[in-house]
Structure formats: C-alpha cells, structure tokens
Amino acid sequence: MIKIIKSSEYNARAIKPIDIANKIPGYNFSYPVLNTIDICNILMLGGSVEISIERMGKSKWSYNLDTKELTIEKPTLPEKHIITDTTELINEMDKYFNINQDELWQKTYKTNIKKSISKSGNKNAQQTPCLKEAKSLIDDQGYPLEFCQLGDALDHGGKIRTYYEWVKKNNYLYKLDEESILLLCKYGANVYQDIKEEKERRN
C-alpha cells in the first residue's frame, strides 16, 4: 500500500513498503506537490522533466519504462528508485494533489505577492483600490461580494476554484490583471480560451 504524506510546506513523500513475499522493491522519495502532473507524466509515458524549486535549485526527473527505474538528479545526492507499478503511484499522487492544490497555490500566490511588493516599494499594494478597505469581500459560501482581483479574494479567505467559477459566471474575466491570470494559468485554468469565449459573448 502506497502512502503519500506531507514532508514540508510544498513537498510530500511517496512511500511504498518492500513486498518481501513477492520480491517487489519498495521506494521512499520526496517530491514537490505542485509538480505532480509533470512527474506523473513521465511515470506514465517515460522520459525526463526538469523541475526548478526555489532555494533548492534545479532537479531532473527521469523514468525508464524498460528498467522501471526512476532517477532524480539534484544538486545534493542523486536518487534511484525501482517502481514496478506506476499506475498505483500515479493514482495516489494525483489524489493527494487534488486535495491539497488549492491551499498550496494560495500559499504560493501570497509568497509571490510579498516578494513583488518588497521589490516595488509597495507599488502593487497601492494599485489595489478601496477593495482592501472593505470589511468583507467574501460571502459565507466563499464567493466575492463584488469584483476583486484574485489576490484580494485570497487575502480575505477565498478559494481559487470558487473565485474563478464566480468570475466566469459574471463575465468578469476581462477585468483580471496579469498577476491573477498568471496564477490561474499555473493553477490549471484555461484562462485565455475562457477570456476569448467571454469576449465573443460580449460582442
């Protein structure tokens, strides 16, 4: 049985015990949760992918479909793991990702905003008007009470998925700033296509 457990703020650890009776090797490796799709793709199709993790540098993940070997080349010690059943692992990693992605994207967004503000001398903070002064931007169900950028919604307890549903429903995609669009794209939303379709409806 595979276990996916949290090992740090943005990382999880995939653990598979050794099956002594059937002589199937186990594995134990840590991976960045927000790169789950990239890693699952190579586990399914083979090949390599390069992943950049802040403060940890770049790492190269490779999976050989013939030898069943996962290789993780990183600045510290390289790792090799034998994974005979990738389907089981992919399912567990995907399940963990879907449960935790909202929280992780929100943390990532807030971290990026803080860095941006420190570099620009609070320029970004000054560009968000009176919405910040409102007592509440989010209703009891998690939807914005009025249009705001994604950062404001997250600061007031909103969720990325709920926010995007609300923005699309109200045809507010054209109001999104670049920061909101970039994060939504990283989150997996088909923002540019949705904006195009909204524009066609508005015309």
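Under my numbering, the sequence shown has 80 at position 80, and the numbering climbs by one with no breaks. Even for Gly, the Cβ is constructed at its ideal location relative to N, Cα and C. Predicted model only: the values in this text are computed from it and were never measured.
So the candidates are 23, 198, 103, 5; which of them puts its Cα closest to the Cα of residue 89?
When only C-alpha atoms are compared, the closest one is 5.
Count the CB pairs spanning the stretch 182-197 and the stretch 137-144 that are closer than 8 Å, and state whether there are at least three.
Contact between the stretch 182-197 and the stretch 137-144 is absent: fewer than three C-beta pairs spanning the two stretches fall below 8 Å.
Tell me which residue opens and which closes the alpha helix (DSSP H) that residue 153 is part of.
150-155 is the extent of the alpha helix (DSSP H) around residue 153.
Below 8 Å on the Cβ atoms is my contact criterion, and I expect residue 208 with residue 23 to pass it. Report the Cβ-Cβ distance as a whole number of Å.
Only positions 1 to 203 of the chain appear in this structure, which leaves residue 208 out of reach.
Determine the direct distance from the alpha carbon of residue 87 to that of residue 95, and round the result to whole angstroms.
Between residue 95 and residue 87, the C-alpha separation is close to 12 Å.
Using alpha carbons as the reference points, say which of 8, 82, 198 lies closest to residue 170.
Of the candidates 8, 82, 198, the one whose C-alpha sits nearest the C-alpha of residue 170 is 198.
Whole-angstrom Cβ separation of residue 151 and residue 179, contact assumed at under 8 Å?
With a contact defined as Cβ atoms closer than 8 Å, residue 151 and residue 179 qualify at about 7 Å.
Quick check on residue 143: does DSSP put it in helix, strand or coil?
Judged by DSSP in its simplified three-state form, residue 143 adopts coil rather than helix or strand.
Which value, in whole angstroms, describes the spacing of the CA atoms of residue 10 and residue 102?
C-alpha separation (whole angstroms): 12 Å.
For the putative contact between residue 174 and residue 195, defined by C-beta atoms under 8 Å, what is the C-beta separation to the nearest angstrom?
In this structure residue 174 touches residue 195 by the C-beta definition: roughly 7 Å separates them, less than 8 Å.
With a threshold of 6 Å on Cβ separation, who are the neighbours of residue 166 within its own chain once the five nearest residues in sequence on each side are excluded?
If we look at residue 166 and ignore the five residues flanking it on each side, its Cβ neighbours are 143, 144.
Return the chain-ordered list of same chain residues with a C-beta closer than 6 Å to the C-beta of residue 105, the five sequence neighbours on each side being excluded.
Excluding positions up to five away in sequence, the list reads 160, 187.
Could you compute how far the alpha carbon of residue 51 sits from the alpha carbon of residue 156?
The straight-line gap from Cα to Cα measures roughly 31 Å.
With distance defined between alpha-carbon atoms, name the residue in 69, 47, 76 nearest to residue 59.
Answer by Cα proximity: 76.
Sort 181, 168, 78 by Cα distance to residue 202 and report the nearest one.
The candidate whose alpha carbon is nearest that of residue 202 is 168.
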